[in-house]
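**Q**
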Amino acid sequence: MKKAFLYLAAPMMILGSASVFAESCTDSGVIEVVGHGKVDVMPDTAVLSYSAKDENKDPVKARNNVEKKITSLYDKALSFGVKKEQIISGSITLYPKYHYTDKSKRVFDGYFCSRDIVFKIDDFSLIEKITTAAVESGVSDINGFGYEVKDTTAVKREADAKAIADARDQAKRLAEGFGVKIKKACSLKFEGNNSNVYYVRNRAAVSLMAAKAEAAEPATEYMPEKQSVDSNVYATFSIE
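All the letters of the sequence shown, read from the start, carry residue numbers -22 to -1, 1 to 218 under mature numbering (1 follows the signal peptide of the UniProt record, and there is no 0).
See the structure below:
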């Protein structure tokens, strides 16, 4: 929502500090505006996160079973053309599990082991292939599918430029409407810029999917939605 304010009283404190403005900025009043800029952008990177899990009385077997699943998915992804630098293989987690009886006695259940693996790919057609490979490899959970913009530098600059233009336009219209003239800018700052774009597309357990890839129905193509990069500029101008 656009905001614009006209201040004619002087002297005064703006943004909580009188030191922000020189004498010439408050002698005859100021105009304060908030310019907004927004740019829509289509994500170019898909982020796929999976977890392999296993429980076993023997911690070595629990770990080996998890590593086997992760390695299988890793190798299949490479065969699809995924590059090693596009794969993030997380550290392994291993700990004992217990339950308590009605008599509050602690009973050892075995060891729980898990390891995450994340793929950052720019070919969205591989999403279904990697997910199917995860099921076939025994990877038990899909942590989430997400979409990112790899480099938002140019988009942020465009949003900033729009915010600046919007602030200037608001200040000009406000000054013209009240019959005053803008002397100079007294305070300018950006606020609330998005550093990146991330959108969670889907979250589900693999166990909810068909156990066998050949028995599953063809999946709908995974496509991201456009995301927005926003920029706000707070500007204060002295008037005469």
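Every residue gets a Cβ at the ideal spot worked out from N, C-alpha and C, and that includes glycine. If you're wondering where the values come from, they're calculated on a predicted model, not measured in any experiment.
Rounded to the nearest angstrom, how far is the Cβ of Ile99 from that of Val158, given a contact under 8 Å?
**A** That belief does not hold up - the Cβ atoms of Ile99 and Val158 are roughly 55 Å apart, past 8 Å.
**Q** What are the start and end residues of the alpha helix (DSSP H) that includes Phe58?
**A** Counting along the chain, Phe58 falls outside any alpha helix (DSSP H), and DSSP gives it neither H nor E.
**Q** Can you tell me where the beta strand (DSSP E) with Phe102 in it begins and where it stops?
**A** Careful: Phe102 lies outside any beta strand (DSSP E) and carries neither H nor E.
**Q** Between which two residues does the beta strand (DSSP E) containing Thr214 stretch?
**A** Counting along the chain, the beta strand (DSSP E) containing Thr214 begins and ends at 205 to 217.
**Q** Any idea if Pro74 is buried or exposed, counting beta-carbon neighbours within 10 angstroms, 16 or more meaning buried?
**A** Its Cβ having fewer than 16 others within 10 Å, Pro74 is exposed.
**Q** Which residues mark the beginning and the end of the alpha helix (DSSP H) in which Lys31 is found?
**A** Counting along the chain, Lys31 falls outside any alpha helix (DSSP H), though it belongs to the beta strand (DSSP E) covering 23 to 34.
**Q** With a cut-off of 8 Å on the beta carbons, I'd call Asn121 and Ser27 a contact; round off their distance for me.
**A** Right, the Cβ-Cβ distance comes to about 4 Å (below 8 Å), so this counts as a contact.
**Q** Locate the beta strand (DSSP E) running through Lys167, then write down its first and last residues.
**A** 160 to 169 is the extent of the beta strand (DSSP E) around Lys167.
**Q** Is the beta carbon of Glu33 closer than 9 Å to that of Gly88?
**A** In contact: Gly88 and Glu33 (Cβ atoms closer than 9 Å).
**Q** Quick one: grab the DSSP three-state call for Lys39.
**A** Helix, per DSSP.
**Q** If you pair each beta-carbon of the stretch 135 to 142 with each one of the stretch 12 to 19, do three or more pairs fall below 8 Å?
**A** The stretch 135 to 142, when compared against the stretch 12 to 19, does touch it at the 8 Å Cβ threshold.
**Q** For the alpha helix (DSSP H) holding Asp147, just list the boundary residues, first then last.
**A** It spans 131 to 156 - the alpha helix (DSSP H) in which Asp147 sits, taken as one unbroken run.
**Q** Who does Ile48 pair with in a DSSP beta bridge?
**A** DSSP lists no partner for Ile48.
**Q** With respect to the beta strand (DSSP E) encompassing residue 219, which residues constitute its N-terminal and C-terminal limits?
**A** Because residue 219 is not part of the residues shown, which for the chain are -22 to 218, the question remains open.
**Q** Taking the CB atoms as reference points, tell me whether Val8 and Ile217 lie closer together than 9 Å.
**A** A contact, by the Cβ cut-off of 9 Å.
**Q** In this structure, how does DSSP classify Ser115 when only helix, strand and coil are distinguished?
**A** Note: Ser115 maps to helix in three-state DSSP.
**Q** Using 10 angstroms around the beta-carbon of Arg151, count the other beta-carbons present and answer buried if the total reaches 16, otherwise exposed.
**A** Result: exposed.
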